[in-house]
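Read the structure below first, then the notes.
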Amino acid sequence: MLSIGKKMFCSIKRVLGYGLVLTTTPLTAVFANDLNTKYNLREPVTALARDLYFMHYVLMGVCLVIFVLVFGVMFYSIYAHRKSKGYQPADFSDNHTVEILWTLIPFLIVVGIGV
């Protein structure tokens, strides 16, 4: 029983390690590049433009965090819940509270970004 726990812990460590590498590697390209390139927003001149420039980066950070979290949960779920061919899934009923929450939370995030 102890060896099963060790194997599971090692596989979780491996998945987390790969996930960390896969999420941080693209970020190195972002930080290595000069942010004032032709693909970025121009330097703001007015106070309103500075506020919009700042808000742009704040919301991009929020989007990045949401993206990393959602894909992390998705890849973990795919890895942890895979089964062999011919496996019969468990029969369980719907949980309406969870379904309402995972619909309401992203809706509130989008409304919060829009306000």
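Taking numbering that gives the first Met the number 0, I'd label the letters of the sequence shown as residues 0 to 114.
Think of the CB as a built atom: it goes at the ideal place given N, C-alpha and C, for glycine as much as any other residue.
Between the segment 14-28 and the segment 64-76, the count of C-beta pairs closer than 8 Å reaches three or more; the two stretches touch.
Contact annotation: LEU58 and ILE112 have beta-carbon atoms nearer than 9 Å.
For PHE74, the three-state secondary structure derived from DSSP is helix. If you draw a straight line from the Cα of ASN94 to the Cα of GLN87, it is about 21 Å long. Taking the C-beta atoms as reference points, ILE108 is found nearer than 9 Å to VAL61.
Counting along the chain, HIS95 sits inside the alpha helix (DSSP H) bounded by residues 95-113. Note on geometry: alpha-carbon atoms of ALA89 and LEU40 lie some 51 Å from one another.
PHE91 and VAL97 have their C-alpha atoms spaced approximately 14 Å apart. Excluding the 5 residues flanking it on each side, VAL14 has same chain C-beta neighbours closer than 6 Å at TYR78, in chain order. Contact annotation, THR22 with VAL67: C-beta distance approximately 5 Å; criterion of less than 8 Å satisfied. Secondary structure at THR22: helix, using DSSP grouped into helix, strand and coil.
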